[in-house]
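Report on one structure; see the data block that follows.
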Ligand code: GLU
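Numbering (the numbering used here), first residue to last: -1 to 512.
As structure tokens, this is what we get:
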């Protein structure tokens, strides 16, 4: 009977190195992996690639986990999310595993020991540079260097026994076309003559990224490698490793995601762009443990996690429809790799704000009111929950961030003492005091203080003084709130109440003198 072909369960991983704060490009990689796993009923795991101890930064691992949790990108297995069947998920804890595989590569002639000192390597590079040749440790140069190919067997043994420093390098064929299919870019082909004999393992027992990554993806039964474009040049090397280790039949599919680009010009979006243009490039705030420098995060800047997920999903992917607002579940349902763009995605900070604004608007008044209430109380003020909630409903249409409920709407709680200069200069004239006085008089006799009734009295005051409403409305707003823009004026007055509205108008009359 022929063997029954079973579909492998989809398993993907996010494999960051804990070298500092996680850039939002990295978060997007995690998100796409998550969406792909969930869409296909598979598993998403978090693996920490900490083999480069020199670049290890304390706190970075915790930062990655906290960021993913804040955004709801929840791993099924892995560091910070509970171990699964392939633990440990931190590469520094898997050291013995890698040794076994690198030994197999050596035994089968696909890797070799190299004992060259840094000075010898530098000399080789200088020599090659001088003759205008690519300075690579490869099929040609290796024959001139100190390694287990050029040295006699007993010399190699003596060096190893004496504890000499060594690295193990992959032995690449001199000229061979390595082809791989990228799910986003199609066929990619590189000749080994363009590549170098990458270091796979060091004498301290630590593997390098390339070996550890491939071994772990194999052992953790990863079916799809979805990662940033910067890893595309390493992919042919990984293909060769799968081949030499005899794992080609279960080699994962590759998808290299496009870069996140600066808002203007070209090039990768960097922290410097964020600092310069005033937006975060990290999901949550990060304090560098050595310099103590603080980098702002989306969370602290007032972004809602659902908005960040939505905006990141759209940086490099689109659903093929005009719908832009997607919950995580809707993204899971809609996500496919074939809709990921090949081209870099330009970061657009206005669009980012727009996404947040949409999510703020869709958050219910009573939830937002809790945040506003905190600010009201922080300022030593007391207002009823009903008042705060109504103010919330009026301000929320005007804001992009929750914290703007207070910064842009504090006049609901504090009568203004200053008035927008530009509007006063433009709109205040000799008739203004008369209109305001008429309005105060009309409102004083009003028994039901509703927005419709207030508006009616306003119109009567205008007619009486022969003033056009259009010109006066903005001035009225400034007299009531101090600022030029805001929610519908008469609804605002209704919430202020009769007494307070009249008080505000009187204050304006007394303060604005021309
Ligand atoms: N450790 C690599 C990184 O920091 C992972 C690359 C990959 O996903 O293979 O991005």
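Even for Gly, the Cβ is constructed at its ideal location relative to N, Cα and C.
Tell me, which residues are paired with residue i by DSSP?
i	result
residue 515	Given that the chain is displayed from residue -1 to residue 512, the structure contains no residue 515 and the question cannot be resolved.
residue 253	224
residue 76	44 and 80
residue 175	189
residue 531	It is not possible to answer for residue 531, since the shown part of the chain is limited to -1 through 512.
residue 338	315
Assign residue i to one of three DSSP states: helix, strand, or coil.
i	result
residue 373	helix
residue 88	strand
residue 12	strand
residue 262	coil
residue 104	helix
residue 316	coil
residue 343	strand
residue 167	strand
residue 180	strand
residue 427	coil
residue 52	helix
residue 187	strand
residue 218	coil
residue 321	coil
residue 352	helix
residue 141	helix
residue 410	helix
residue 162	coil
residue 359	helix
residue 310	helix
residue 38	coil
residue 27	helix
residue 492	helix
residue 94	helix
residue 5	coil
residue 279	coil
residue 245	coil
residue 157	helix
residue 379	coil
residue 514	The requested residue 514 does not occur in the structure, where the chain is confined to residues -1 to 512.
What are the boundary residues of the beta strand (DSSP E) that residue i is part of?
i	result
residue 150	Taken as a continuous stretch (DSSP letters only), residue 150 belongs to no beta strand (DSSP E), as it is neither H nor E.
residue 109	109 to 112
residue 484	Run containing residue 484: none; DSSP gives neither H nor E here.
residue 43	41 to 44
At which residues does the alpha helix (DSSP H) containing residue i begin and terminate?
i	result
residue 117	116 to 128
residue 475	467 to 479
residue 68	58 to 69
residue 302	Residue 302 -> no alpha helix (DSSP H), and no H or E assigned at all.
residue 237	233 to 242
residue 402	402 to 405
residue 19	Taken as a continuous stretch (DSSP letters only), residue 19 belongs to no alpha helix (DSSP H), as it is neither H nor E.
residue 133	Looking at the DSSP string, residue 133 is not in any alpha helix (DSSP H), and its letter there is neither H nor E.
residue 509	496 to 509
residue 270	269 to 275
residue 392	383 to 393
residue 329	326 to 332
Taking 8 Å as the CB-CB limit, is residue i close to chain D?
i	result
residue 37	Protein chains in the displayed structure number just one, and chain D is not present.
Check whether the region 39 to 58 touches the region 84 to 98, taking contact to mean three or more Cβ pairs, one atom from each stretch, closer than 8 Å. yes
Does the pairing of the region 96 to 106 with the region 198 to 213 give three or more beta-carbon distances under 8 Å? yes
Does the region 326 to 336 come close enough to the region 294 to 314 to have 3 or more Cβ pairs within less than 8 Å? yes
Does the region 449 to 466 come within contact of the region 489 to 505, defined as at least 3 CB pairs closer than 8 Å? yes
Would you call the region 135 to 146 in contact with the region 110 to 126, where contact means no fewer than 3 C-beta pairs closer than 8 Å? yes
Quick one: any contact between the region 419 to 428 and the region 379 to 390, if contact means 3 or more CB pairs under 8 Å? no
How do the region 271 to 287 and the region 15 to 31 stand: do at least 3 beta-carbon pairs fall below 8 Å, yes or no? yes
Pairs of beta-carbons, one from the region 167 to 174 and one from the region 52 to 63, closer than 8 Å: are there three or more? no
Okay, do the region 386 to 400 and the region 476 to 490 touch, 3+ Cβ pairs below 8 Å being the bar? yes
Does the region 223 to 236 touch the region 120 to 132, meaning 3 or more C-beta pairs lie closer than 8 Å? no
At 4 residues or longer, and completely inside the region 415 to 465: list those alpha helix (DSSP H) runs for me, N to C. 419 to 425, 430 to 442 and 449 to 463
Flag this pair as touching only if the region 56 to 76 and the region 181 to 192 have three or more C-beta atom pairs under 8 Å; answer yes or no. no
Is it a yes or a no for the region 345 to 358 touching the region 367 to 380, going by three-plus beta-carbon pairs under 8 Å? no
Touching by the beta-carbon criterion (3+ pairs, under 8 Å), the region 292 to 305 and the region 254 to 268: no
Given 8 Å, three or more beta-carbon pairs between the region 502 to 509 and the region 401 to 417: yes
Check whether the region 126 to 137 touches the region 230 to 245, counting contact only when three or more Cβ pairs, one atom from each stretch, lie closer than 8 Å. no
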